[in-house]
Every structure is written in C-alpha cells, then in structure tokens.
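Numbering (my numbering), first residue to last: 623 to 924. First comes the structure, then the notes that go with it.
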Amino acid sequence: MSTARELIVLGTASQVPTRRRSHNGYLLRWDGEGLLFDPGEGTQRQMLLAGVSAHALTRVCVTHFHGDHALGLPGVLQRVHLDRVPHPVTAHYPASGQEYFERLRYATAHHETAAIVPAPVAEDGPVAETRSFTLSARRLSHPVDAFGYRLVEPDGRRMLPERLAARGIHGPDVSLLQRRGSLRGVRLDEVSEPRPGQRFAFVMDTRLCDAAFALAEECDLLVIESTFLDADVALAHEYGHLTAGQAGRVAAEAGVRHLVLTHFSQRYGDSAAFATEARAAGFAGSLTVAEDLVRVPVPPRA
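Shown next as structure tokens:
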C-alpha cells in the first residue's frame, strides 16, 4: 500500500541504460499531486511496471534537455492524451529549451484530448504555488541550461490534545479555533506548537555549486545525482556532474534527513561504493542507493 508522500524511482541510469538500470524517471507522490521528474526513454513502460497510471500525473519537471532526462517525454505526454486525463498537466522545463520541448511534445502524430500546460522556467524562484506546497527552481552548473527543483510544504501547527482538553476545546471547535486563531478566550498558540513543513529537492546533472546546497537545505528527502565515484572527480567536473562524495557532502552540510543517490555511470559495477563514499563525506542520515522501481517514503515528520 503506497503512502500519501513517496518517491517512486522509475529509472536510475545516466547517459546509457544497462541491463539493470533504465534511463531516468522519478515520480513524487505528494498528497493529491504526482510530479514526474526527468522522464528518460522507457519511462512509460516503467510507470506500467510500477503501477503508476497517466492519471496520477499532475506535473512534469524537466531539469534539462539531454536525452537521458527528456526523451521519454513524447510517450508520457501522448499517454496523457490517450488516457484522456481529465485534469491539466503542467510541464516545467528550462525556457531556453522551448524548441526542444515543442519537438518532443509533437514528435509524432496524435490526438490531443488533455490539457498540457507549458510553464517554462527562465530564472531562479517559485514556479508554482498550491495549497500543499511551493515548487521553486534554481539554476545548476551543467554544459546546457539546467534547473534543480525544490518543493516546500507551508509551515503549520500541530494541535496538542492534552492542552485542548484542559481548555475544553473538542470536536468541531478545534477546526473553528484553527480557522479563527482564538475561541472563547483560548489562543491557537496556547494549544498547539509549530509544525515545520516538509521539504523535497531534486538535483540532477550539475557540478558542485551553491545552488545544489540551497536546493538541498534541510530537506526531508533529497534525490541527487552521483554519476561518478570520487576517483573520477576530474571527469565529473569536466562533464558537469557530481561524485558520490560530493553528493554526500551536499546532503551533510545541508542537513538532509534522507538521501537518495542515483544517475549512475555504466562504468561502475559495485553500487555499494556510492554509499561508502557518501558516508565518508560526512552524511549520517538515512541513505538509499536507488534501484529501478524502488519506493522511498518521505520520512515521517521529525
């Protein structure tokens, strides 16, 4: 049984898929929304294997227009039309890649039956605000325009049952107090405590940069590329990528609770080495070395 907030990993390879790893694809279930990040080739089939329907999608977030992050877009968008998804599906992507988005969106003939809403990203800052979260983007350091995404739930308050009972607040009056801020001389802050909103970040192809740390800051769940191992740090920098150690450093310094490493180069056979290097960089929280089709719940509130 799925949780209301979880990450479904659809693919974990970098430039070239392998026998065990499909190209990128990550679905974040967040209450009533489904955010699909970086749909590479094969995403539509991986969705089928993961039990994810096109109806689950409300947003598609593309970090950049390299093939392993975007060539699944035609199939996904056409499936949205084929299945007559009744709600709008918003597409976020770098504005400089508008030509690529149009080519992918209309790669082959098909009937448009659903509403695809383009929302190109041109600069750092919020790109969407809902009742459940604010989605923002930050420019990363890669040979082509690339943006990472950060989702932040609004801060709220947790009601304290024992204090409510002591002041005679119960039943429908609890909701009334939450809406009004005070009721019969009882203030909301007297019977509740602050509840920080949960945070998620998605950081793909990038060199080590300030934006990676900013996106990851105090995240409950961080999905981050770790294409290379530390021995190949020069290659990582040349091609605009992170090593496992650098990803671990970002997570450690940003105070991340659960780290998901992904986007692995085909040159490495031992995936455990990625976890070892992330730990060596100082990350002590929960850690997942992603495999295709795994599900990672957003950690319970601290």
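Even glycine gets a Cβ: it sits at the ideal position worked out from N, Cα and C.
Of the choices the options, whose alpha-carbon is the least far from that of residue i?
{"i": "A744", "options": "L726, V774, L843 and D767", "result": "D767"}
{"i": "D832", "options": "Q800, P794, G793 and E875", "result": "E875"}
{"i": "P710", "options": "D690, F687 and T735", "result": "T735"}
{"i": "P740", "options": "A717, L757 and A759", "result": "A717"}
{"i": "D827", "options": "V796, F769, L704 and V631", "result": "F769"}
{"i": "A737", "options": "G662, A731 and R706", "result": "R706"}
{"i": "I791", "options": "F824, D777 and G807", "result": "G807"}
{"i": "L684", "options": "Y771, G891 and P922", "result": "It should be noted that the sequence gives Val, not Leu, for residue 684. Measuring from the Cα of V684, the nearest candidate turns out to be Y771."}
{"i": "E812", "options": "P783, A912, R879 and G664", "result": "P783"}
{"i": "W652", "options": "R643, T640, L679 and Q668", "result": "L679"}
{"i": "L762", "options": "A750, F824 and E751", "result": "F824"}
{"i": "G654", "options": "Y715, R681, A903 and S893", "result": "R681"}
{"i": "G778", "options": "R789, R753, E721 and P661", "result": "R753"}
{"i": "D842", "options": "G907, D795, S797 and V796", "result": "G907"}
{"i": "V749", "options": "S893, A713 and S675", "result": "A713"}
Going by beta carbon distance, what residues of the same chain come within less than 7 angstroms of residue i, once the five residues before and after it are set aside?
{"i": "Q666", "result": "G694, G697, V698 and R701"}
I'd like the list of long-range same chain contacts for residue i, defined as Cβ closer than 6 angstroms, with 5 residues on each side in sequence excluded.
{"i": "V855", "result": "T865"}
{"i": "S624", "result": "Legend: pLDDT at S624 = 45, less than 50; position of this residue unreliable, no value from coordinates given."}
{"i": "G689", "result": "none"}
{"i": "P776", "result": "G819"}
{"i": "T910", "result": "V882 and V918"}
{"i": "T640", "result": "Q888"}
With burial defined as no fewer than 16 other Cβ atoms inside 10 Å of the residue's Cβ, what is the status of residue i: buried or exposed?
{"i": "V638", "result": "exposed"}
{"i": "H691", "result": "buried"}
{"i": "A858", "result": "buried"}
{"i": "T730", "result": "exposed"}
{"i": "R643", "result": "buried"}
{"i": "S636", "result": "buried"}
{"i": "T834", "result": "Looking at the sequence shown, residue 834 is not Thr but Ala. Buried: at least 16 other Cβ atoms inside 10 Å."}
{"i": "A903", "result": "buried"}
To which residues of the same chain is residue i closer than 8 angstroms at the C-beta, ignoring the five residues directly before and after it?
{"i": "S804", "result": "L810"}
{"i": "T895", "result": "A small correction: the amino acid at residue 895 is Ala; Thr does not occupy that position in the sequence shown. Here the set comprises L851 and A866."}
{"i": "F905", "result": "G870, R871, A873, A874, V878 and L881"}
I'd like to know whether the C-beta atoms of residue i and residue j end up nearer to each other than 8 angstroms.
{"i": "L704", "j": "L915", "result": "no"}
{"i": "R780", "j": "R817", "result": "yes"}
{"i": "A836", "j": "V631", "result": "no"}
{"i": "R627", "j": "V920", "result": "yes"}
{"i": "G656", "j": "G633", "result": "no"}
{"i": "H645", "j": "G673", "result": "no"}
{"i": "F687", "j": "G647", "result": "no"}
{"i": "P765", "j": "G862", "result": "yes"}
Relative to the ligand GDP, is the shortest distance from any of its heavy atoms to the C-beta of residue i smaller than 7 angstroms?
{"i": "A678", "result": "No copy of the ligand GDP appears in this structure; indeed no ligand is present at all."}
Against chain D, with Cβ distances strictly below 8 angstroms, would residue i count as a contact?
{"i": "G862", "result": "Looking at the structure shown, chain D is missing, and only one protein chain is on hand."}
Q.
Using a Cβ distance threshold of 8 angstroms, determine whether the segment 745–758 contacts the segment 719–726, with at least three qualifying pairs required.
A. no
Q. Touching or not, the segment 877–889 and the segment 840–857, by the rule of three or more beta carbon pairs under 8 angstroms?
A. yes
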